[in-house]
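See structure below.
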Amino acid sequence: MQLSRDDLLSAYGTMVTIREFEERVAAEFETGDMPGFVHLYAGEEAIAVGACLDLEDKDVIASTHRGHGHCIAKGCDVEGMMLELFGRKDGLCGGKGGSMHIADLDRGMLGANGIVGAGGPLIVGAGLTAKTLKTGGVAIGFVGDGATNQGAVFEAMNLAVVLDLPVVFVFENNYIGEGTGVEYSVGSGDIAGRAAAFGMPVEKVDGRDFFAVHEAMRACIARARNGEGPSGIEALSPRYYGHFEGDPQAYRGDGEVEKYRDKDDCLKIFRQKVLEAGLLEEGDLDQLRDKARKEVDDAVKAARAAPAPGKADLMTDIYVSY
Amino acid sequence: MAKKTIREAINDALRQEMERDERVVVMGEDVAGGAGLDGEEDAFGGVMGVTKGLYGQFSAARVIDTPISETAIMGMAAGSAATGLRPVAELMFCDFMGVCFDQILNQAAKFRYMFGGKATTPMVVRTTYGGGLGAAAQHSQCLYGMFTAVPGIKVVVPSNAYDAKGLLIQAIRDDDPVIFFEHKTMYDLADEVPDEAYTIPFGEANILREGSDVTIVALGKMVLEAREAADKLAEDGIEAQVIDLRTTSPLDEETILESVEETGRLVVVDEANPRCSIAADVAGLVAGGAFEMLKAPVKQVTAPHAPVPFAPELENLYLPNADKIVAAAKEIAA
Numbered sequence: 441m442q443l444s445r446d447d448l449l450s451a452y453g454t455m456v457t458i459r460e461f462e463e464r465v466a467a468e469f470e471t472g473d474m475p476g477f478v479h480l481y482a483g484e485e486a487i488a489v490g491a492c493l494d495l496e497d498k499d500v501i502a503s504t505h506r507g508h509g510h511c512i513a514k515g516c517d518v519e520g521m522m523l524e525l526f527g528r529k530d531g532l533c534g535g536k537g538g539s540m541h542i543a544d545l546d547r548g549m550l551g552a553n554g555i556v557g558a559g560g561p562l563i564v565g566a567g568l569t570a571k572t573l574k575t576g577g578v579a580i581g582f583v584g585d586g587a588t589n590q591g592a593v594f595e596a597m598n599l600a601v602v603l604d605l606p607v608v609f610v611f612e613n614n615y616i617g618e619g620t621g622v623e624y625s626v627g628s629g630d631i632a633g634r635a636a637a638f639g640m641p642v643e644k645v646d647g648r649d650f651f652a653v654h655e656a657m658r659a660c661i662a663r664a665r666n667g668e669g670p671s672g673i674e675a676l677s678p679r680y681y682g683h684f685e686g687d688p689q690a691y692r693g694d695g696e697v698e699k700y701r702d703k704d705d706c707l708k709i710f711r712q713k714v715l716e717a718g719l720l721e722e723g724d725l726d727q728l729r730d731k732a733r734k735e736v737d738d739a740v741k742a743a744r745a746a747p748a749p750g751k752a753d754l755m756t757d758i759y760v761s762y
Numbered sequence: 369m370a371k372k373t374i375r376e377a378i379n380d381a382l383r384q385e386m387e388r389d390e391r392v393v394v395m396g397e398d399v400a401g402g403a404g405l406d407g408e409e410d411a412f413g414g415v416m417g418v419t420k421g422l423y424g425q426f427s428a429a430r431v432i433d434t435p436i437s438e439t440a441i442m443g444m445a446a447g448s449a450a451t452g453l454r455p456v457a458e459l460m461f462c463d464f465m466g467v468c469f470d471q472i473l474n475q476a477a478k479f480r481y482m483f484g485g486k487a488t489t490p491m492v493v494r495t496t497y498g499g500g501l502g503a504a505a506q507h508s509q510c511l512y513g514m515f516t517a518v519p520g521i522k523v524v525v526p527s528n529a530y531d532a533k534g535l536l537i538q539a540i541r542d543d544d545p546v547i548f549f550e551h552k553t554m555y556d557l558a559d560e561v562p563d564e565a566y567t568i569p570f571g572e573a574n575i576l577r578e579g580s581d582v583t584i585v586a587l588g589k590m591v592l593e594a595r596e597a598a599d600k601l602a603e604d605g606i607e608a609q610v611i612d613l614r615t616t617s618p619l620d621e622e623t624i625l626e627s628v629e630e631t632g633r634l635v636v637v638d639e640a641n642p643r644c645s646i647a648a649d650v651a652g653l654v655a656g657g658a659f660e661m662l663k664a665p666v667k668q669v670t671a672p673h674a675p676v677p678f679a680p681e682l683e684n685l686y687l688p689n690a691d692k693i694v695a696a697a698k699e700i701a702a
């Protein structure tokens, strides 16, 4: 399917916003002013954006341990996110969640997750809601390669198939789970094949190529919306940062990340494709990058100036009533 | 008013809430039973027969049999609750929480706080607990204390059929995650239970017997033992006030403290193991809130710090009972 000019601009704009956000978070984290742990998504932008471009607010996603990209792709407010990462009162989660638990249910973003693989069962629940209440929504579960070895994810895949739910699993294979290679940790070496064995179609795609991800996801989402049950994709694309910020990444080969950034970068691949096909101009793309950079810069300035939550906030939001 | 067993009272509550609200769904292992087989539909109605008949009325769309996948059951409940359903998930034995605790501990319990108050997770987990059937170490534990320790979830431990119905309806209508503990030996105990729906608020303990000599705080099945003990103590001229906690989170601290202020003596009865338990929690509450009113040390009557044994002789030794409560009360009130 040919994407409209607006869709292409939106896709690149979101991808480059994620990139600018993550590169800046890396720099801000380095200053020591950002609390907690952050796990960056740079390098994998085409997966989140390819998977989410066609989603609506009624559609729900469950994210991973590396959740910023999914948030932005699902429409979460960038300034609200940056405030949250800095632990500010007006952050997306009131400064109570942080990077690992960032969520926005109003946008259908069911949360990044501090527990690797825990989003699998949750997205099955979101699929059950869509099916039971006939919302017409679909439920997209992002699952990292590390999480594919969790029993919770196996149970989730099976249950989604057993109950025939409108769920799409997006297996993000960035080749490394924390500091251990997929080649070592996935027994069969084949995440898509293992998922397919649960009884759903799973396509392996080049996760660096937005168009490949989007095309495969379009079929999965249509299938879910039509009540034809769960499916999935395995999208392969490297991550540029460590498992967490501060990770010395001694497990990487020499020049590995530089090579990825030079030859495998999803933004470069997107640019090259749309420019060669004459769909967008250089200027359009540069303008989107500049806009994203400014948006992120403004967000950092706002976050740095924003107040922290205080004593009055400590004991709120535990229960609806108690 | 009709007499109904705890099993019937819980079934009543589920049926009435499912009729009232299409968002209420029941899920778990064999909550109907028979799926994918040639025999009867609704073959089980839950392994304890509690959900029997719901399948016929509400179909597989709302009475959802699952594979033996406790993590996925709890996660599906949490995820569906956060997105608009009001699921009642059955965890066959609370001991199985060992395989799926993450979805309660780190997911459902934490959503609201982590997400800055935006999440509402109206899920109920119905589960069984307790000894007395020779089910031994992996099918007999009393794990309500573990859940009570987790902020973000509520914990209900009913002691009779009337309370079971009212507290379960409250749990289903409640907007927070609730763990509802049913003692596996008590399902056939009958009580006067109204046909119509009603709720019992959480955090309001029930004073079952007045008395001025000693306070006996108990929960779940131990309430029966406490009442029996109180009758025996009365024969010896000791009048016990018996308090049924009904819920351990929230905990009705006020009723406990007021009672101890009146009696000056406290026996806490808990079928669970003693360390970091409800018994220890109540004892700590009284030590901090009514210390100067105490005329004697607080007594805790609990199971020992040991797994639940198998042999009936050992299990009898293990479980708290009325005689042990009487002995403890007499030590401080004779």
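Residue numbers (our numbering), protein chains in the order written: chain R, 441 to 762; chain D, 369 to 702.
Using N, Cα and C, we set each Cβ at its ideal position, and we do this for glycine too.
Distance CB(residue i)-CB(residue j) smaller than 8 Å
| i | j | result |
| --- | --- | --- |
| residue 645(D) | residue 670(D) | yes |
| residue 757(R) | residue 709(R) | no |
| residue 572(R) | residue 511(D) | no |
| residue 563(D) | residue 370(D) | yes |
| residue 416(D) | residue 566(D) | no |
| residue 636(R) | residue 609(R) | no |
| residue 671(R) | residue 642(R) | yes |
CB contact check: residue i to chain D, cutoff 8 Å
| i | result |
| --- | --- |
| residue 715(R) | no |
| residue 602(R) | yes |
| residue 598(R) | yes |
| residue 595(R) | yes |
| residue 563(R) | yes |
| residue 572(R) | yes |
| residue 555(R) | yes |
| residue 760(R) | yes |
| residue 537(R) | yes |
Proximity test, Cβ basis, 8 Å: residue i and chain R
| i | result |
| --- | --- |
| residue 480(D) | yes |
| residue 475(D) | yes |
| residue 425(D) | no |
| residue 524(D) | no |
| residue 568(D) | no |
| residue 534(D) | no |
| residue 456(D) | no |
| residue 392(D) | no |
| residue 440(D) | yes |
| residue 434(D) | yes |
| residue 398(D) | no |
| residue 444(D) | yes |
Beta-carbon contacts of residue i that lie in its chain and below 8 Å, excluding the five residues immediately before and after
| i | result |
| --- | --- |
| residue 541(R) | 533, 551, 552, 553, 554 |
| residue 694(R) | none |
| residue 673(D) | 641, 642, 643 |
| residue 375(D) | 416, 417, 418, 555, 556 |
| residue 753(R) | 529, 534, 535, 536 |
Nearest-angstrom Cβ-Cβ length linking residue i and residue j, presumed shorter than 8 Å
| i | j | result |
| --- | --- | --- |
| residue 501(R) | residue 548(R) | 6 Å |
| residue 409(D) | residue 400(D) | 7 Å |
| residue 434(D) | residue 385(D) | No, residue 434(D) and residue 385(D) are not in contact; Cβ-Cβ is about 20 Å, not under 8 Å. |
| residue 474(R) | residue 739(R) | That pair is no contact at about 13 Å. |
| residue 464(R) | residue 707(R) | About 15 Å separates the two Cβ atoms, so there is no contact after all. |
Same chain, Cβ closer than 6 Å to residue i, five either side skipped, listed in chain order
| i | result |
| --- | --- |
| residue 577(D) | 598, 610 |
| residue 593(R) | 557, 560, 583, 587 |
| residue 696(D) | 635, 667, 669 |
| residue 538(R) | 476 |
| residue 598(R) | 638 |
| residue 638(D) | 645, 646, 647, 670 |
| residue 656(R) | 643, 645, 673 |
| residue 664(D) | 633, 700 |
Proximal chain A residues relative to residue i, where beta-carbon distance stays under 7 Å
| i | result |
| --- | --- |
| residue 589(D) | Among the protein chains of the structure shown, namely R and D, there is no chain A. |
Contacting residues, own chain, Cβ-Cβ under 7 Å from residue i (five flanking each side not counted)
| i | result |
| --- | --- |
| residue 711(R) | 725 |
| residue 478(D) | 520 |
| residue 520(R) | 531, 532 |
_Pairs of beta-carbons, one from the segment 480-500 of chain D and one from the segment 444-454 of chain D, closer than 8 Å: are there three or more?_
Output reads yes: the segment 444-454 of chain D touches the segment 480-500 of chain D.
*asked:* If contact is defined by three or more beta carbon pairs under 8 Å, each pair taking one atom from either stretch, is the segment 476-492 of chain R in contact with the segment 502-510 of chain R?
replied: The segment 502-510 of chain R vs the segment 476-492 of chain R: in contact.
*Counting pairs of beta carbons, one from the segment 651-663 of chain R and one from the segment 623-633 of chain R, are three or more of them closer than 8 Å?*
The segment 651-663 of chain R is not in contact with the segment 623-633 of chain R.
*Give a yes or no on contact between the segment 563-577 of chain R and the segment 505-523 of chain D, applying the rule of three or more CB pairs nearer than 8 Å.*
Judged by Cβ distances under 8 Å, the segment 563-577 of chain R makes no contact with the segment 505-523 of chain D, as fewer than three pairs qualify.
_Would you call the segment 581-588 of chain R in contact with the segment 608-626 of chain R, where contact means no fewer than 3 C-beta pairs closer than 8 Å?_
Yes, since at least three Cβ pairs between the segment 581-588 of chain R and the segment 608-626 of chain R fall closer than 8 Å, the two stretches touch.
_Check whether the segment 457-477 of chain D and the segment 616-624 of chain R are in contact - that is, three or more C-beta pairs closer than 8 Å._
No, because fewer than three Cβ pairs between the segment 457-477 of chain D and the segment 616-624 of chain R fall closer than 8 Å, the two stretches do not touch.
_Meets three-Cβ-pair contact criterion under 8 Å: the segment 521-538 of chain D and the segment 586-598 of chain D_ = With contact defined as three or more Cβ pairs closer than 8 Å, the segment 521-538 of chain D and the segment 586-598 of chain D are in contact.
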